[in-house]
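Enquirer: Residue numbers 667 to 1087, in my numbering, belong to the letters of the sequence shown in order. For every residue, glycine included, the Cβ atom is placed at its ideal position computed from N, Cα and C.
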Amino acid sequence: MRPQRAPALALAGLLFFGGDLSAQETPRSVDLEEALRLLHENSPEMALARSRVREAEGRALQAKAYPNPSISATHEALEGAGPDPSETYLNLSQRVEWPGTRSARSRAADRGLEAARGRFAADSLRLVFEVRRTYLESAAGAERLDVLEEVSAVFREAAGRADERFAGGDVSRYARDRIRLERVRYERGLAAARVELDAARRALGALILPGEGGAAATEGLPDGLPPRLEAEGPGPEAVDRHPTVVAARSGVEALGAEADLARSLRLPDPTLTGGYKTQSNGFDGLFVGISLPLPILDRRGGAITAAEARLGAERSRLDLARRSVERELRRAGARYRALRAQAELVGEGFVESGSALLETARVAYREGEMELVELLDAASARRDAGILSTQLLADVWTSYYELIRASGGSDAGSGSERHER
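(1) Could you spell out the range, first to last residue, of the beta strand (DSSP E) harbouring G955?
(2) According to DSSP, is A739 helix, strand or coil?
(3) Please state whether DSSP places L687 in a helix, a strand or coil.
(4) Below 8 Å, how does it come out for the stretch 999-1015 and the stretch 1061-1073: are there three or more Cβ pairs, yes or no?
(5) Please determine if the stretch 697-707 and the stretch 779-797 are in contact, where contact requires at least 3 C-beta pairs separated by less than 8 Å.
(6) Can you tell me whether G922 is buried or exposed? The criterion is at least 16 other CB atoms within 10 Å of its CB, across all chains shown.
(7) Mind listing, in chain order, the continuous alpha helix (DSSP H) runs of no fewer than 4 residues lying wholly within the stretch 863-896?
(8) Closest by CA to L927, which one among I737, P765, F953 and Y732?
(9) On the DSSP bridge list, what partners appear for T1056?
(10) If you drop the 5 nearest sequence neighbours on each side, which residues of the same chain put their C-beta closer than 8 Å to that of P1089?
(11) Would you tell me roughly how many angstroms separate the C-alpha atoms of E723 and G886, rounded to the nearest one?
(12) Are the beta-carbon atoms belonging to P936 and R768 less than 9 Å from one another?
(13) Given R1001, which residues of its chain have a CB within under 6 Å of its CB, disregarding the five upstream and five downstream residues?
(14) Excluding the 5 residues flanking A972 on each side, which residues of the same chain have their C-beta closer than 7 Å to its C-beta?
(15) Would you decide whether P909 is buried or exposed? Buried here means 16 or more other CB atoms lie within 10 Å of its CB.
(16) Under 8 Å, with one C-beta from each stretch per pair, do the stretch 854-864 and the stretch 812-820 reach the 3-pair mark?
(17) Ends of the beta strand (DSSP E) at R761?
(18) Pull up the distance between the alpha-carbon of L698 and that of M712, whole angstroms please.
(19) Whole angstroms are fine: how far does the CA of S709 sit from the CA of T1056?
(20) Label Y732 either buried or exposed according to how many other C-beta atoms from any shown protein chain fall within 10 Å of its C-beta, with 16 as the threshold for buried.
(21) Let me make sure I understand the geometry here. Which of R851, V850 and E809 has the alpha-carbon closest to that of T884?
(22) Who are the near neighbours of V1012 in its chain, counting only those whose CB is closer than 8 Å to its CB and skipping five residues on each side?
(23) With 16 as the cutoff for other CB atoms within 10 Å, does Y840 come out buried or exposed?
(24) Could you tell me the distance, in whole angstroms, from the CA atom of G784 to the CA atom of R716?
(25) Between P693 and G871, which are expected to be in contact by the criterion C-beta below 8 Å, what is the C-beta distance as a whole number of angstroms?
(26) Can you have a look at G1074 and say buried or exposed, based on whether 16 or more other CB atoms are within 10 angstroms of its CB?
Right under this line is the structure:
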């Protein structure tokens, strides 16, 4: 009895847990455009990246500010002949930056701002791709679930029909138990697909609705295929305009300006002083002065060496960034071409033919005109066709979006049509 009870217990457990997932609250449904809008509105990572840009904007603005003047008043009581001798001073001082120092500081801040904007663009590209990838993963999971539900429904019906035919002596115990086993196998796959879909929806919700802590459903996979890739693909200009390379190049320019600033600071800034002086004996007048620190003990050698070392490191990072983008661009282009060729090979009507084949087999088996092995073959063909075409379409679009990210956010295809029917 134990071997006969095991499939029934397993099936009951799968139905229980699968039903528990489906009974959860209905997730919010979004299309891809809305998902990207919610990302920009709600993502903490996007907010953090924007804050870094605003910080760099503040630094660039502050770097252009002039030093504040200082004013002071002094009264000195003196000892000597006469009634209460004293002197009173009113001083106005202004530190004056050398032209090279000021321009180097301003250039460093401006290039730092450009680097921050490049990093923000790179972060945006990464997050947008993550949303697109997760959206496609969720949409593909929903369509896989539909396929498995269709096939599982056939085996539910077939299992009930097999019990009736076994009771009437029309099929063997083996045939009945074989149908039961297939039903358990497909129900198991169906339950696993529900779990995977729930995880994908929650991953999408975490990206676009982090404050709600729930899941987000999708409107489905895109229709048709992305545009074809140009024969030569994105050229070297795509590497140069990639935000990662732009940020690294701006970082080199910023650190170059900082190195110039460190060198210019070997000659300290002078301070100009002017004021008015009055004495108790009736003498008064204007005075002027200049203060210039002597660069004898501190020639800023350590600061210059450190700035030049940082500049050299940033140049190496720029070279690494350019090589990394070139490799990623070549890899993404090759992957997209290969997947799109596979999708074109599959063609349209692939899924519909598998579904029609399964429906024909289901009716024929119900009428006793088809053997069990033929029904199993039709179910396997429908499942494979549905899952293959769904996953392939999702992979093609994912690789297309990956190519867009690798090329710096520009449209990697040719032509004006975004989808090919």
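Expert: Taking the coordinates as given:
(1) Indexing the sequence shown from 1 puts residue 955 at position 289. Per DSSP, G955 belongs to the beta strand (DSSP E) from D950 to S957.
(2) As a first step, residue 739 must be located in the sequence shown, where it is residue number 73. A739 falls in the strand class under three-state DSSP.
(3) Numbered from its first residue, the sequence shown carries residue 687 at position 21. Only weak support exists for where L687 lies, its pLDDT of 47 falling under 50; the value from the coordinates is given anyway. Helix at L687.
(4) yes
(5) yes
(6) What you label residue 922 is simply residue 256 of the sequence shown in a count that begins at 1. The residue in question, G922, is buried, as its Cβ has 16 or more Cβ neighbours within 10 Å.
(7) none
(8) What you label residue 927 is simply residue 261 of the sequence shown in a count that begins at 1. Among I737, P765, F953 and Y732, the Cα nearest to that of L927 is on P765.
(9) Within the sequence shown, numbered from 1, the residue matching residue 1056 stands at position 390. T1056 pairs with nothing; no bridge assigned.
(10) With the chain represented from 667 up to 1087, any question about residue 1089 goes unanswered, as that position is not in the structure.
(11) One-based indexing of the sequence shown puts residue 723 at position 57. One-based indexing of the sequence shown puts residue 886 at position 220. In a straight line, the C-alpha of E723 is about 41 Å away from that of G886.
(12) For the purposes of this step, residue 936 is taken as the residue at position 270 of the sequence shown. For the purposes of this step, residue 768 is taken as the residue at position 102 of the sequence shown. No, the pair does not count as a contact, with Cβ atoms beyond the cut-off.
(13) Here residue 1001 refers to the residue found at position 335 when the sequence shown is read from its first residue. Same-chain partners within the cutoff: S1065.
(14) Taking the sequence shown and counting its residues from 1, one reaches residue 972 at position 306. Excluding residues within five positions, none has a Cβ falling inside 7 Å.
(15) Here residue 909 is taken as the residue at index 243 of the sequence shown, counted from 1. Classification of P909: buried, given that the 10 Å Cβ count is 16 or more.
(16) yes
(17) Start at 1 with the first residue of the sequence shown, and residue 761 comes out as number 95. S752 to R761 is the extent of the beta strand (DSSP E) around R761.
(18) To locate residue 698, count along the sequence shown from 1; it is residue 32. To locate residue 712, count along the sequence shown from 1; it is residue 46. Their Cα atoms are separated by approximately 18 Å.
(19) Numbered from 1 along the sequence shown, position 390 holds the residue referred to as residue 1056. Numbered from 1 along the sequence shown, position 43 holds the residue referred to as residue 709. If you take the alpha carbons of T1056 and S709, they lie about 29 Å apart.
(20) Your numbering for residue 732 matches position 66 in the sequence shown. That one is exposed.
(21) For this step, residue 884 is matched to residue 218 along the sequence shown. The shortest Cα separation from T884 among R851, V850 and E809 belongs to E809.
(22) Start at 1 with the first residue of the sequence shown, and residue 1012 comes out as number 346. Correct list, in chain order: L1054, S1055 and L1058.
(23) Here residue 840 corresponds to residue number 174 of the sequence shown, with the count starting at 1. Burial call: exposed.
(24) The sequence position of residue 784 within the sequence shown is 118, counting from 1. The sequence position of residue 716 within the sequence shown is 50, counting from 1. Straight-line Cα distance between these residues: approximately 11 Å.
(25) Walking along the sequence shown from the start, residue 693 turns up at place 27. Walking along the sequence shown from the start, residue 871 turns up at place 205. Indeed, because the Cβ distance is near 7 Å, the residues count as touching under 8 Å.
(26) Looking up residue 1074 in the sequence shown gives position 408. Classification of G1074: buried, given that the 10 Å Cβ count is 16 or more.
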